[in-house]
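Reading through the structure tokens given below for one structure.
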Amino acid sequence: MHTEQDFSRSAVGELMDWKAILVSAADLQGFIFIPNPFLPGYQWHWVKQCLKLYSQKPNVCNLDKHMTKEDTQDLWEQSKEFLRYKEVNKRRPRSLLEKLRWVTLGYHYNWDSKKYSADHYTPFPSDLAFLSEQVAAACGFQGFQAEAGILNYYRLDSTLGIHVDKSELDHSKPLLSFSFGQSAIFLLGGLKRDEAPTAMFMHSGDIMVMSGFSRLLNHAVPKVLPSSQGESLPCCLETPPPAVLPRDAVVECCSMEDWQVCASYLKTARVNMTVRQVLATDQDFPLEPMEENKRGITTEGYCHLDDEKSHVKRARLNPDS
Ligand code: OGA
Ligand code: MN
279 MHTEQDFSRS AVGELMDWKA ILVSAADLQG FIFIPNPFLP GYQWHWVKQC
329 LKLYSQKPNV CNLDKHMTKE DTQDLWEQSK EFLRYKEVNK RRPRSLLEKL
379 RWVTLGYHYN WDSKKYSADH YTPFPSDLAF LSEQVAAACG FQGFQAEAGI
429 LNYYRLDSTL GIHVDKSELD HSKPLLSFSF GQSAIFLLGG LKRDEAPTAM
479 FMHSGDIMVM SGFSRLLNHA VPKVLPSSQG ESLPCCLETP PPAVLPRDAV
529 VECCSMEDWQ VCASYLKTAR VNMTVRQVLA TDQDFPLEPM EENKRGITTE
579 GYCHLDDEKS HVKRARLNPD S
């Protein structure tokens with residue numbers, strides 16, 4: 279069913295300590311599962327980036343539809359005090375960070391047209407591009423370019439419906455997925471929606487690479503699992519990063535103050551980053567027919583998504599959700 283590959287002697291060995299599980303079953307060919315390879319404490323950086331930095335403008339998020347740029351300018355600053363006192367005051371209104379469902383990076387995915395376009399692009403974060411390109415290269419995809427990212431922010435009652443990621447124009451490039459915080463169940467199905475899926479756990483730090491045949495398989499996240507001992511963090515997130523990081527490290531140190539906010543958030547949440555190459559090397563976006571272009575121009579910007587249509591859905595069972 280699977281074989282293990284040791285990457286510790288490759289360039290990525292300096293970034294991470296890992297063994298990947300290559301799934302060789304014919305119906306999942308190209309699916310690579312890397313159980314948490316992050317060095318102790320290094321996940322803190324990525325969690326902090328998702329909550330504090332990548333959630334900022336010019337990146338696009340679900341809150342933009344209903345709020346002004348000024349109001350969504352600094353979700354972190356507006357939410358951090360709420361989160362620090364989360365335990366003390368459970369009945370308080372939800373902070374903006376807790377209302378964040380998704381952020382797009384690079385070529386911003388348009389949820390309505392299901393397309394990326396040349397004219398809706400902002401620079402892709404360089405640290406995440408570096409991480410992605412190293413992971414892709416270690417999996418045999420030299421030259422992978424991180425061009426688009428979708429970050430999903432899950433609460434314990436969030437689910438991600440069954441879908442295929444096919445909007446990217448070059449499917450020979452892998453899709454990378456990084457998970458942090460509470461564990462989730464991942465279902466990896468077939469080319470058709472009705473094929474029986476394989477279920478697996480995704481724990482904090484785990485990386486999945488969907489390449490080859492598995493690149494266009496249906497998948498879903500039906501459940502985020504609450505921590506077993508009340509609201510707690512997975513133990514791999516308990517160790518802080520080393521006080522002195524290597525000089526050329528991509529990860530920065532994360533202050534205890536920042537980490538306390540992240541930790542409070544993650545006790546009841548999961549964050550997933552997916553990174554995609556959209557265009558083949560040297561490819562341009564195809565020209566759209568005239569009519570399409572006209573319809574695409576709006577004064578509101580590109581994102582017409584609200585929570586109802588959101589990629590990550592909140593269960594409707596909870597009356598105060
Ligand atoms: C996606 C996706 C999976 C996850 O964003 O396309 O499939 O684990 N995410 O959240
Ligand atoms: Mn997906």
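Quick note on numbering: my numbering labels position 289 of the sequence shown as 567, and the sequence is numbered without any gaps. Backbone N, C-alpha and C define an ideal beta-carbon position, used for all residues, glycine too. If you're wondering where the values come from, they're calculated on a predicted model, not measured in any experiment.
Three-state class that DSSP yields for Leu353 in the structure shown: For the purposes of this step, residue 353 is taken as the residue at position 75 of the sequence shown. Three-state DSSP puts Leu353 in a helix.
message: Quick check on Thr577: does DSSP put it in helix, strand or coil?
response: The count along the sequence shown starts at 1 and reaches residue 577 at position 299. Only weak support is given to the placement of Thr577: the predicted model assigns it a pLDDT of 35, under 50, and the question is left unresolved by the model.
query: Which class does Lys330 belong to by DSSP, given the choice of helix, strand or coil?
result: As a working mapping, residue 330 is identified with position 52 in the sequence shown. Three-state DSSP puts Lys330 in a helix.
message: Quick check: what's the CA-CA separation for Arg493 versus Thr346?
response: Taking the sequence shown and counting its residues from 1, the one referred to as residue 493 is at position 215. Taking the sequence shown and counting its residues from 1, the one referred to as residue 346 is at position 68. Whole-angstrom Cα-Cα distance: 36 Å.
query: Per DSSP, what kind of secondary structure is Arg379 in: helix, strand or coil?
result: Position 101 of the sequence shown holds residue 379. In the structure shown, Arg379 sits in coil (DSSP, three-state: anything other than H, G, I, E or B).
- request: Measure the beta-carbon distance from Pro315 to Met294 and round it to whole angstroms, keeping in mind my assumption that it falls under 8 Å.
  value: To locate residue 315, count along the sequence shown from 1; it is residue 37. To locate residue 294, count along the sequence shown from 1; it is residue 16. The pair is a contact, with the Cβ atoms about 4 Å apart (cut-off 8 Å).
field: Leu469: CB within 8 Å of a non-hydrogen atom of the ligand MN
entry: Here residue 469 is taken as the residue at index 191 of the sequence shown, counted from 1. Because no heavy atom of the ligand MN lies under 8 Å away, the Cβ of Leu469 does not count as near it: no.
- prompt: Residue range of the alpha helix (DSSP H) that Ser542 falls in?
  reply: The residue you call residue 542 lines up with position 264 of the sequence shown. Per DSSP, Ser542 belongs to the alpha helix (DSSP H) from 534–544.
task: Say yes only if the C-beta of Asn340 is nearer than 8 Å to one or more non-hydrogen atoms of the ligand OGA, and no if none qualify.
output: Taking the sequence shown and counting its residues from 1, the one referred to as residue 340 is at position 62. Taking the Cβ of Asn340 as the reference point, every heavy atom of the ligand OGA lies at 8 Å or farther away.
- request: Give the secondary structure of Val531 by DSSP, where H, G and I count as helix, E and B as strand, and everything else as coil.
  value: For the purposes of this step, residue 531 is taken as residue 253 along the sequence shown, with counting starting at 1. Here residue 531 turns out to be Cys, not Val, going by the sequence shown. Cys531 falls in the coil class under three-state DSSP.
field: C-alpha distance - Gln307 paired with Leu544, whole-angstrom precision
entry: The residue given as residue 307 occupies position 29 in the sequence shown. The residue given as residue 544 occupies position 266 in the sequence shown. Taking the straight line from one Cα to the other gives about 32 Å.
field: Close-in-space but distant-in-sequence residues of the same chain around Ile575 (CB under 7 Å, 5 per side omitted)
entry: Your numbering for residue 575 matches position 297 in the sequence shown. Because Ile575 sits at a pLDDT of 40, beneath the cut-off of 50, its placement in the model cannot be relied upon, and the following sentence gives the value as read from the coordinates. Cβ within range, chain order: n/a, list empty.
field: Proximity test, Asp443 beta-carbon vs the ligand MN heavy atom, cut-off 8 Å
entry: Counting from one through the sequence shown, the residue named residue 443 turns up at place 165. Checking the Cβ of Asp443 against the ligand MN gives yes.
field: Burial state of Val590, where buried means 16 or more other Cβ atoms lie within 10 Å
entry: For this step, residue 590 is matched to residue 312 along the sequence shown. Taking all protein chains in view, the Cβ of Val590 is crowded by 16 or more other Cβ atoms within 10 Å, so the residue is classified as buried.
Whole-angstrom C-beta distance between Leu495 and Leu466, which should lie under 8 Å: Locating residue 466 in the sequence shown gives position 188, counting from the first residue. Locating residue 495 in the sequence shown gives position 217, counting from the first residue. Indeed, because the Cβ distance is near 6 Å, the residues count as touching under 8 Å.
- prompt: Can you check whether the CB of Tyr387 is closer than 9 Å to the CB of Ala396?
  reply: For the purposes of this step, residue 396 is taken as the residue at position 118 of the sequence shown. For the purposes of this step, residue 387 is taken as the residue at position 109 of the sequence shown. Taking 9 Å as the Cβ cut-off, Ala396 and Tyr387 do not qualify as a contacting pair.
task: Would you check whether the ligand OGA has a heavy atom nearer than 8 Å to the C-beta of Tyr385?
output: Residue mapping note: residue 385 aligns to position 107 of the sequence shown, counting from 1. No, Cβ of Tyr385 sits at least 8 Å from all heavy atoms of the ligand OGA.
query: Would you say the beta carbon of Phe464 comes nearer than 8 Å to a heavy atom of the ligand OGA?
result: Position 186 of the sequence shown, counted from the first residue, corresponds to residue 464. At least one heavy atom of the ligand OGA is nearer than 8 Å to the Cβ of Phe464, so yes.
- prompt: In angstroms, rounded to a whole number, what distance separates the CA positions of Pro500 and Ala462?
  reply: In the sequence shown, the residue the question calls residue 500 occupies position 222. In the sequence shown, the residue the question calls residue 462 occupies position 184. Spanning the two alpha carbons is a distance of roughly 8 Å.
DSSP bridge partner residues for Cys514 (one or two, in chain order): Within the sequence shown, numbered from 1, the residue matching residue 514 stands at position 236. According to DSSP, which records beta bridges pairwise, Cys514 is partnered with nothing at all.
query: Given that a residue counts as buried once 16 or more other Cβ atoms are within 10 Å of its Cβ, and exposed if not, what is Phe456?
result: For the purposes of this step, residue 456 is taken as residue 178 along the sequence shown, with counting starting at 1. Label assigned to Phe456: buried.
Neighbour-count burial assignment, Val413, 16 or more Cβ in a 10 Å radius: Your numbering for residue 413 matches position 135 in the sequence shown. Under this definition Val413 is a buried residue.
field: Span of the beta strand (DSSP E), counted from its first residue to its last, around Ser506
entry: If you number the sequence shown from 1, residue 506 lands on position 228. Going by DSSP, Ser506 is part of no beta strand (DSSP E) at all; its letter is neither H nor E.
- request: Consider the C-beta atom of His497 and the heavy atoms of the ligand MN; say whether any pair is separated by less than 8 Å.
  value: The count along the sequence shown starts at 1 and reaches residue 497 at position 219. Within the cutoff, so yes.
task: Can you give me the Cβ contacts of Val553 inside the same chain, cut-off strictly under 6 Å, excluding the 5 residues immediately before and after it?
output: Reading the sequence shown from its first residue, position 275 is the one you call residue 553. Ser410, Ala424, Gly427, Leu454.
query: How many angstroms separate the CA atom of Ala558 from the CA atom of Phe408?
result: The residue given as residue 558 occupies position 280 in the sequence shown. The residue given as residue 408 occupies position 130 in the sequence shown. So the two alpha carbons sit approximately 18 Å from each other.
message: Quick check: what's the CA-CA separation for Thr577 versus Gln507?
response: In the sequence shown, the residue the question calls residue 577 occupies position 299. In the sequence shown, the residue the question calls residue 507 occupies position 229. Any answer about Thr577 is weak, because its pLDDT of 35 lies below 50 and its placement is not dependable; what the coordinates show is given next. The alpha-carbon atoms of Thr577 and Gln507 are separated by roughly 48 Å.
query: What's the gap between the Cα of Ser542 and the Cα of Leu375?
result: Sequence index remark: in the sequence shown, residue 542 carries index 264 (1-based). Sequence index remark: in the sequence shown, residue 375 carries index 97 (1-based). Their backbone Cα atoms lie some 12 Å apart in a straight line.
query: Residue range of the alpha helix (DSSP H) that Phe408 falls in?
result: Here residue 408 refers to the residue found at position 130 of the sequence shown. Unbroken alpha helix (DSSP H) run through Phe408: 404–416.
- prompt: Mind checking whether Leu447 and Tyr399 have CB atoms under 9 Å apart?
  reply: Along the sequence shown, read from residue 1 onward, the residue named residue 447 stands at position 169. Along the sequence shown, read from residue 1 onward, the residue named residue 399 stands at position 121. No, these two residues do not count as a Cβ contact at 9 Å.
message: Check this for me: beta carbons of Asp536 and Lys364, under 9 Å apart or not?
response: The residue labelled residue 536 in the question sits at position 258 within the sequence shown. The residue labelled residue 364 in the question sits at position 86 within the sequence shown. No; because the gap between Cβ atoms is not below 9 Å, this pair is not in contact.
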